[in-house]
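According to my numbering, the sequence shown is numbered sequentially starting from 651. Comments concern the structure below.
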Amino acid sequence: MNVEKDKLLIDVGSTYFKVSTADSIEQHARDFNKKILDDLTQRCGKTIDRFAKEDVYICSSANGGLSTLIIGITQSFSLKYATNIAFNSGINIIDTVLYQNIEEYSIPSDLIDVVIVVGGIDSCGDIFGDDLYNYLAKLNYSNIVFVGSEQDAPMIQQNIDNVVILPNIIDSKLHIVEEDLKDYLTNLYQQDIEGKEDIKHLYDITANQIYSTPYIVNKTLPLIDGSFSVANPFILLDVGGATTDVHYSKDLVDDNIVTENEYDRLVFKKLGVYKSRPSLVFAAKNNEFVYELLMHLKVTENIFEEHSEKATKILMQVAIFLVLCKISYYRKAYINLKLLAINSIVLTGGITKVLSNEEVEDIVAFFYKKILTSEHKPTVVMDGNYDIWTLGAKGQE
């Protein structure tokens, strides 16, 4: 969709914000001693003042996403389906619990943003009992949603305070029904963004809903080949300060999950380069190939303790490698993409301002050779001007 000349697009990240008009895109590192709105207006006030609130569109990834725990009956249906919907709603899954073994699971110590309980088709009932309620009583969570058998819904509602009951995500033919849960999780994500004190103030300059950045970027995927030399199929990596997001075509997935969406996304909350730096370093030190990667890059593990421009570059290269590992057959993870089938890897986000094409290509080649034992080399496309984000933001008018 073409944007009129009187539209202003703003993206608030965990370390940078971007401001786009019809004529230009500018980026500024955030000053964490100031409120976001104050920082934004001080640097871009003249630009913002040119636009009516109705013509300002804002998205944000500054909250880093929501955490969830999923309790389900089977790995092959309820847990798998709920996990699919949660990931594609920009939710970070901290754990999944198989209900039949619920008493063996440890209790997460951190606050969980949302618990999802799922299982059974609507013709079955009496699936959940006291062991579920006892487990939930020990959890520290903010929201809970039930998307299982409608026969169990009344008992769930009776025994769990403030539970949200939604239609079953599993139909009678064992297909996934995703829209109700996806809408609920997406709205939670939006509420979390809007609930952040700093983000709330941004409604002083916009009359439109503030969206999550991963949601906006995902809207762009069908449009990318019109603006970039991208060969399908491709994946898009958005490596930022708080999270690393992966956007991909359903063609790259073997799992036969019946959904309406052509593209999906994963959000890795703990693989950001600035805000999530400690967890990124932890993940790196626990990957058996990172030592060889550091040797390849001619540095040692001491680089993780440095705070320099070179250390930031290395961390971004490591983040790319770890994400590719997570979505490859090397890791038994939620999802494995057919990485040998992709022709392009598109990068957007803060990483494009730090790494060159050659530095990214070096990591991609190392990954394919070391992990997939392949000489396959997808082309690397860098979205250095954040055109992908602006295409998606324009689509929200």
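Where a beta carbon is used, it is the ideal one built from N, C-alpha and C, also for glycine.
### Residue burial classification, M651 (beta-carbon count within 10 angstroms, cutoff 16)
Note on M651: pLDDT 33, under 50, position unreliable in the model; no value is reported.
### Task
State buried or exposed for S711, treating a residue as buried only when at least 16 other CB atoms are found within 10 Å of its CB.
That one is buried.
### Query
Using DSSP with H/G/I as helix, E/B as strand and the rest coil, what is V908?
At V908 the pLDDT is 46, less than 50, meaning the model places this residue with poor confidence; the figure from the coordinates comes in the next sentence. In this structure, V908 counts as coil in the three-state DSSP scheme.
### Query
Under the rule that 16 or more other beta-carbon atoms within 10 Å means buried, what is G695, buried or exposed?
exposed
### Task
On a CA-only basis, which of L835, I855, K1003 and D854 is nearest I743? Give me that one, please.
Selected option, being the one with the closest Cα: L835.
### Query
Near E1011, what residues of its chain come up, given a Cβ to Cβ distance below 7 Å and the 5 sequence neighbours on each side ignored?
V1030
### Message
For a quick check, are the C-beta atoms of L997 and L873 less than 8 Å apart?
### Response
no
### Message
For the alpha helix (DSSP H) containing K668, name the first residue and the last one.
### Response
First-last for K668: Y666 to S670, but that is the beta strand (DSSP E), not the alpha helix (DSSP H).
### Query
Among G779, N809 and I1021, which residue has its Cα nearest to the Cα of E938?
I1021
### Task
Enumerate, from N- to C-terminal direction, the unbroken alpha helix (DSSP H) stretches of 4 or more residues contained entirely within the segment 714-749.
728-738
### Query
Comparing alpha-carbon positions, which option in W1039, S1024 and V1004 lies nearest A679?
V1004
### Task
Name the residue from N993, V867, K1027 and I885 whose alpha carbon lies nearest to the alpha carbon of I708.
V867
### Query
From K657 to E676, what distance separates their C-alpha atoms?
15 Å
### Task
Under 6 Å Cβ to Cβ from N906, same chain only, skipping five residues before and after it: list those, please.
Residue confidence for N906 is low, a pLDDT of 49 falling below 50, so the modelled location carries little weight and cannot support an answer.
#### Entry: Residue range of the unbroken alpha helix (DSSP H) whose run includes I953
Element bounds for I953: n/a, residue is neither H nor E.
### Residue span of the beta strand (DSSP E) that contains F778, given as start and end
Here F778 belongs to no beta strand (DSSP E), and DSSP marks it neither H nor E.
#### Entry: Where the beta strand (DSSP E) through F884 begins and ends
F884 to V889
### Message
Buried or exposed, going by whether 16 or more other CB atoms sit within 10 Å of the CB of V908?
### Response
Only weak support exists for where V908 lies, its pLDDT of 46 falling under 50; the value from the coordinates is given anyway. With fewer than 16 other Cβ atoms within 10 Å, it is exposed.
#### Entry: Own chain, CB closer than 8 Å to F1016, minus 5 neighbours either side, in chain order
L943, H946 and F971
### Message
Could you compute how far the alpha carbon of D888 sits from the alpha carbon of A934?
### Response
Each residue's CA atom was taken as its position, placing D888 and A934 some 18 Å apart.
### Message
Can you list, in chain order, the residues of its chain with a C-beta nearer than 6 Å to that of I762? Leave out the 5 residues immediately preceding and following it.
### Response
S717, L719 and Y791
### Query
Got a sec? Which residues, its chain only, sit under 7 Å from I723 by beta carbon, not counting five neighbours each side?
Around I723: Y749, G769, G770 and I777.
### Task
Using a threshold of 8 Å, state whether the C-beta atoms of S625 and D780 are closer than that.
This structure does not reach residue 625, given that the chain is present from 651 up to 1047, and the question cannot be answered.
### Message
Going by the DSSP bridge assignment, what does L997 pair with across the sheet?
### Response
L887 and M1032
#### Entry: Collapsed DSSP secondary structure at N1007 in the structure displayed
helix
### Query
Hey, would you say G775 sits closer than 8 Å to Q801, going by beta carbons?
yes
### Per DSSP, the bridge partner or partners of D661
K668 and C709
### Message
Let's see if you can read the secondary structure: which residues bound the beta strand (DSSP E) around T894?
### Response
T894 to S899
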